[in-house]
Structure formats: C-alpha cells, structure tokens
Amino acid sequence: MSSVDLSLQHAVHTLYEDHHNWLCGWLRKRLGCVDHAADLAHDTFIRVLTQRRAPELREPRAYLSTVARSLMIDLFRRRAVEQAYLETLALIPEPVAFSPEARTLIIETLMEIDRLLDGLGGRTREIFLMAQLDGLSYVEIGRRLGVSVTTVKKHAVRALTHCLLLAED
Numbered sequence: 001m002s003s004v005d006l007s008l009q010h011a012v013h014t015l016y017e018d019h020h021n022w023l024c025g026w027l028r029k030r031l032g033c034v035d036h037a038a039d040l041a042h043d044t045f046i047r048v049l050t051q052r053r054a055p056e057l058r059e060p061r062a063y064l065s066t067v068a069r070s071l072m073i074d075l076f077r078r079r080a081v082e083q084a085y086l087e088t089l090a091l092i093p094e095p096v097a098f099s100p101e102a103r104t105l106i107i108e109t110l111m112e113i114d115r116l117l118d119g120l121g122g123r124t125r126e127i128f129l130m131a132q133l134d135g136l137s138y139v140e141i142g143r144r145l146g147v148s149v150t151t152v153k154k155h156a157v158r159a160l161t162h163c164l165l166l167a168e169d
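Structure representation (structure tokens):
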C-alpha cells in the first residue's frame, strides 16, 4: 500500500472517529429513523473515502453534512420513484380469478346459451353472434356476408324471437 493510501485511510479513520456520532445524530433529526440515519452516515463516509478528499478538509462537519444532504436527496428521490411505481402497480387490475362455484355457473350459463342457439339455422346463428358478440351493425354484417341489410334484419329478428320463446319456457 502506498503512503498516499495509508494517509487517506488514516484521515478517513480519524474523520470517522471524530464525527460519526455527530453525523448520525444530525441525520436522525432529519430522517426520524435511527437505522436510516446509520445507513446514510455509512454511505456518507464511503463517498468521502471514494472522493479521496479527507486529508484536505478544513470544515469536516460542513463537508460531511453537504455529502449527507446530497445522499438524503437521492434517497428521497428513490423513495418517490418507488412510491409512484407502487401506486401505478396498484392501479393495474389483478387477473380475475373466479371461484370454482363461479366457474361452474359461467360454464352452465354458456352451455345453456349454446343450447338456445343450437336450434337456430347456421346463417341465423352466425348473424346473431356477429351482432351480439362482435357488436357489428346490420350494415357491416350484410357487407361481410354479402347479403342485404333486410336479410340480416330478418335473421336477427328470427334469432331474438327464438331466444325469447325458449327463455320463457
């Protein structure tokens, strides 16, 4: 190890011994948490060590508080980003998980609808599903199937009448 490294190590060690408790107290007042203050004090001394300026400090407490203040700002920014991220996550809907009873009820309902539609002719059923499930207009259905709007309406009325009659049973 070079004499410069030993000198730096000694200066940081002395700085730590002389000011660590003061810095922890200073940070504790601002952060309100002993553990966060200790962590930030540690980070402050790491920063001083990596900047290699400890031997030349004339006002060590002013320097330490400046470095610590900068680290506090970084901490608050990280917390704000984390909080914004968590709030955004909270807005994302969770995947819907149906209970076994709800799944059974849904399956039974779909099977009943399928049974109701099974009595329709192929074209009538197709037009009914395009209108009800796909949300297409009669004009769009006619265009897609190559039939007139009147034909689409006729099949739609037939399908609705069929469903209403079966639903009354």
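Counting from 1, one number per residue, gives the positions in the sequence shown under UniProt numbering. Note that the Cβ used here is the ideal one computed from N, Cα and C, for glycine as well.
Judging by CA-CA distance, which residue of the options is the nearest neighbour of residue i?
i: S65; options: M111, A84, T14 and T44; result: T44
i: V139; options: F128, L133, V152 and A11; result: V152
i: H20; options: L165, T50 and P60; result: P60
i: G25; options: R123, D134 and D39; result: D39
i: L160; options: S148, R143, I127 and V149; result: I127
Within 10 angstroms of its Cβ, does residue i collect 16 or more other Cβ (buried), or is it exposed?
i: Y63; result: buried
i: M72; result: buried
i: I92; result: exposed
i: F76; result: exposed
i: L27; result: buried
i: L166; result: exposed
Assuming residue i and residue j form a contact by the criterion Cβ under 8 Å, report the distance between their Cβ atoms to the nearest whole angstrom.
i: G119; j: H162; result: 6 Å
i: L8; j: R52; result: 6 Å
Suppose you measure from the CA of residue i to the CA of residue j; what does that come to, to the nearest Å?
i: residue 172; j: F98; result: With the chain covering only 1 through 169, there is no way to say anything about residue 172.
i: H10; j: L49; result: 11 Å
i: R69; j: Y85; result: 24 Å
i: G146; j: L117; result: 22 Å
i: R125; j: T88; result: 43 Å
i: A37; j: R58; result: 24 Å
i: I141; j: G121; result: 16 Å
i: Q83; j: V34; result: 22 Å
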